[in-house]
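First comes the structure, then the notes that go with it.
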Amino acid sequence: ETGVTQTPRHLVMGMTNKKSLKCEQHLGHNAMYWYKQSAKKPLELMFVYSLEERVENNSVPSRFSPECPNSSHLFLHLHTLQPEDSALYLCASSQDQGLAKLFFGSGTQLSVL
Amino acid sequence: GQQVMQIPQYQHVQEGEDFTTYCNSSTTLSNIQWYKQRPGGHPVFLIQLVKSGEVKKQKRLTFQFGEAKKNSSLHITATQTTDVGTYFCAGTDTGANSKLTFGKGITLSVRP
Numbered sequence: 006e007t008g009v010t011q012t013p014r015h016l017v018m019g020m021t022n023k024k025s026l027k028c029e030q031h032l033g034h035n036a037m038y039w040y041k042q043s044a045k046k047p048l049e050l051m052f053v054y055s056l057e058e059r060v061e062n063n064s065v066p067s068r069f070s071p072e073c074p075n076s077s078h079l080f081l082h083l084h085t086l087q088p089e090d091s092a093l094y095l096c097a098s099s100q101d102q103g104l105a106k107l108f109f110g111s112g113t114q115l116s117v118l
Numbered sequence: 006g007q008q009v010m011q012i013p014q015y016q017h018v019q020e021g022e023d024f025t026t027y028c029n030s031s032t033t034l035s036n037i038q039w040y041k042q043r044p045g046g047h048p049v050f051l052i053q054l055v056k057s058g059e060v061k062k063q064k065r066l067t068f069q070f071g072e073a074k075k076n077s078s079l080h081i082t083a084t085q086t087t088d089v090g091t092y093f094c095a096g097t098d099t100g101a102n103s104k105l106t107f108g109k110g111i112t113l114s115v116r117p
């Protein structure tokens, strides 16, 4: 148990579906992140929130839409995804943005059909 | 942009052998972190190095930060089957918009 909880663990969706990934951290951290992990690629940073403000969007397609309603919760809303979006989506948190270590959740394994 | 390189991506060792892997950055880093991801799991933080030439040990694992702060190494003494997994390094560059960049990782398998 890392203190970062992600749901669902597995998700299969069609290209026309709308779904959301949820992340909750119980560590009192100020920064939260979404990463994408694909086979044979480095971990790709998608979004960063610091104190509930989005501070980074790494040229992520608009079919991925993050939401951070408070410092403990982070969502990733998915709409009209492509098969190449199939990957493990990892949420992470850190005390502050910057040099702090990351605590990862268990991830959501997403398959887009 | 900043690149963090880990080569090779896979390594196989016999249980009991030592193992060393390296991480190289295209830019000078303010810090470097190492993470381990077990098969089917998620990355777990192992260590952070900040000072030039810094060496830190965790039981059989030894981490070093290069003098120029552009590379790092991870050495495992007498590998065990519990060491199996993917080891990622991640570095933060020294620029104004510093962000953590991950390498592709090295997947270690250990033959019992």
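Sequence lines, in order, name chains A and B. The first sequence begins at 6 in this note's numbering and counts up one residue at a time. The second sequence begins at 6 in this note's numbering and counts up one residue at a time. Think of the CB as a built atom: it goes at the ideal place given N, C-alpha and C, for glycine as much as any other residue.
Worksheet item: Between H84 (chain A) and S98 (chain A), what straight-line distance do the alpha-carbon atoms span, to the nearest angstrom?
Response: In the first sequence, the residue the question calls residue 84 (chain A) occupies position 79. In the first sequence, the residue the question calls residue 98 (chain A) occupies position 93. Their Cα atoms are separated by approximately 24 Å.
Item to complete: Enumerate, from N- to C-terminal direction, the unbroken beta strand (DSSP E) stretches of 3 or more residues contained entirely within the segment 62-86 of chain A.
Response: Entirely contained in the segment 62-86 of chain A, the beta strand (DSSP E) runs reaching 3 residues are, in chain order, 69-75, 78-84.
Discussion item. Can you list, in chain order, the residues of its chain with a C-beta nearer than 6 Å to that of E59 (chain B)? Leave out the 5 residues immediately preceding and following it.
Written reply: The residue labelled residue 59 (chain B) in the question sits at position 54 within the second sequence. Answer for E59 (chain B): F70, listed in chain order.
Item to complete: Name the two residues that bound the continuous beta strand (DSSP E) containing Q17 (chain B).
Response: As a working mapping, residue 17 (chain B) is identified with position 12 in the second sequence. Residue 17 (chain B) is actually His in this sequence, not Gln. That run of the beta strand (DSSP E) goes 15-19.
Worksheet item: Do G96 (chain B) and T112 (chain B) have their C-beta atoms within less than 7 Å of each other?
Response: Taking the second sequence and counting its residues from 1, one reaches residue 96 (chain B) at position 91. Taking the second sequence and counting its residues from 1, one reaches residue 112 (chain B) at position 107. Not in contact: G96 (chain B) and T112 (chain B) (Cβ atoms no closer than 7 Å).
Discussion item. Taking 7 Å as the threshold (beta carbon to beta carbon), is P48 (chain B) in contact with chain A?
Written reply: By one-based count along the second sequence, residue 48 (chain B) stands at place 43. Yes, its Cβ sits closer than 7 Å to a Cβ of chain A.
Worksheet item: Mind checking whether N36 (chain B) and L93 (chain A) have CB atoms under 7 Å apart?
Response: Along the second sequence, read from residue 1 onward, the residue named residue 36 (chain B) stands at position 31. Along the first sequence, read from residue 1 onward, the residue named residue 93 (chain A) stands at position 88. In this structure, L93 (chain A) does not lie closer than 7 Å to N36 (chain B) by Cβ.
Item to complete: Report buried or exposed for Q30 (chain A), applying the criterion of at least 16 other Cβ atoms within 10 angstroms of its Cβ.
Response: Mapped onto the first sequence, residue 30 (chain A) falls at position 25. With 16 or more Cβ atoms within 10 Å of its Cβ, Q30 (chain A) is classed as buried.
Worksheet entry | Cβ of N29 (chain B) within 7 Å of any chain A Cβ | For this step, residue 29 (chain B) is matched to residue 24 along the second sequence. With 7 Å as the cut-off, N29 (chain B) does not count as an interface residue toward chain A.
Fill in: Expected contact under 8 Å - CB spacing of M18 (chain A) and L79 (chain A) to nearest Å
The residue you call residue 18 (chain A) lines up with position 13 of the first sequence. The residue you call residue 79 (chain A) lines up with position 74 of the first sequence. The Cβ separation is near 19 Å, so there is no contact.
Worksheet item: Are the CB atoms of T84 (chain B) and E22 (chain B) nearer to each other than 7 Å?
Response: Numbered from its first residue, the second sequence carries residue 84 (chain B) at position 79. Numbered from its first residue, the second sequence carries residue 22 (chain B) at position 17. A contact, by the Cβ cut-off of 7 Å.
Practice prompt. Using a Cβ-Cβ cut-off of 7 Å, state whether K106 (chain A) counts as contacting chain B.
Written response: Counted from its first residue, the first sequence places residue 106 (chain A) at position 101. Chain B, which has a Cβ nearer than 7 Å to the Cβ of K106 (chain A), makes this yes.
Worksheet item: With distances taken between CB atoms, is the gap from T26 (chain B) to Q7 (chain B) smaller than 7 Å?
Response: The sequence position of residue 26 (chain B) within the second sequence is 21, counting from 1. The sequence position of residue 7 (chain B) within the second sequence is 2, counting from 1. Cβ atoms of T26 (chain B) and Q7 (chain B): not closer than 7 Å.
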